[in-house]
Amino acid sequence: MYLDSNCFIDWAQGTGSAREAESMLRAAKAGHVRLHTSTLTFAEARGTSVSDHRLRIRALLQEPYVILVEVTRRVGLLANDITAERPKIKGADAIHLASACFVGVDVLVTRNFRDFKPDDVYRGVLMRMPFEFGGEGLFAASDVGRRGGSG
5 MYLDSNCFID WAQGTGSARE AESMLRAAKA GHVRLHTSTL TFAEARGTSV SDHRLRIRAL
65 LQEPYVILVE VTRRVGLLAN DITAERPKIK GADAIHLASA CFVGVDVLVT RNFRDFKPDD
125 VYRGVLMRMP FEFGGEGLFA ASDVGRRGGS G
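Counting in the numbering used here, the sequence shown tops out at residue 155, every number present.
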């Protein structure tokens, strides 16, 4: 599973999809899911309204259960392909999707459906709104043990 920056920002601020983000973070900490995000999230966290939020995100991104995807040349080239194939997806959003594709996750979780389409699939990555892990939907409580902690 890959979390877009907006999930971490919501978590830190207690707004938007904070509850859903918290449930995904708890699931990752418990080892039920592998949680990825791009190192770009460090830079995007600067947009939070209070510096404490930025520092909370910074500390969280250094936890061992959050797997950081480096923005390498390969990720950049894939992001460039994404912007050519899907012109609505630009810049940082293309880097997030490229990072998710690069590590081979099944799901990219984002609130940004101005640029992404809900339930769209790109190179095997399903784009979804934030959801409560173990609740209704993708990773229902009954599925958690069977999924084997894949991302």
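Quick reminder that beta carbons are idealized off the backbone N, C-alpha and C, glycines included.
Checklist entry - Any idea if LEU44 is buried or exposed, counting beta-carbon neighbours within 10 angstroms, 16 or more meaning buried? => result buried
Checklist entry - Roughly how many whole angstroms lie between the Cα atoms of PHE106 and VAL70? => result 16 Å
Checklist entry - Could you give the residue range of the beta strand (DSSP E) that holds VAL113? => result 111–113
Item to check | Euclidean distance between Cα positions of ALA145 and ALA32 | outcome: For ALA145, the pLDDT reaches just 43, beneath the cut-off of 50, and the residue's location in the model is therefore unreliable, although a value from the coordinates is still provided. Computed Cα separation, rounded: 14 Å.
Item to check | Sub-9 Å separation of ARG118 and CYS11 beta-carbons | outcome: no
Checklist entry - Quick one: Cα of VAL113 to Cα of ARG60, how far? => result 20 Å
Checklist entry - Does DSSP put LEU65 in a helix, in a strand, or in coil? => result coil
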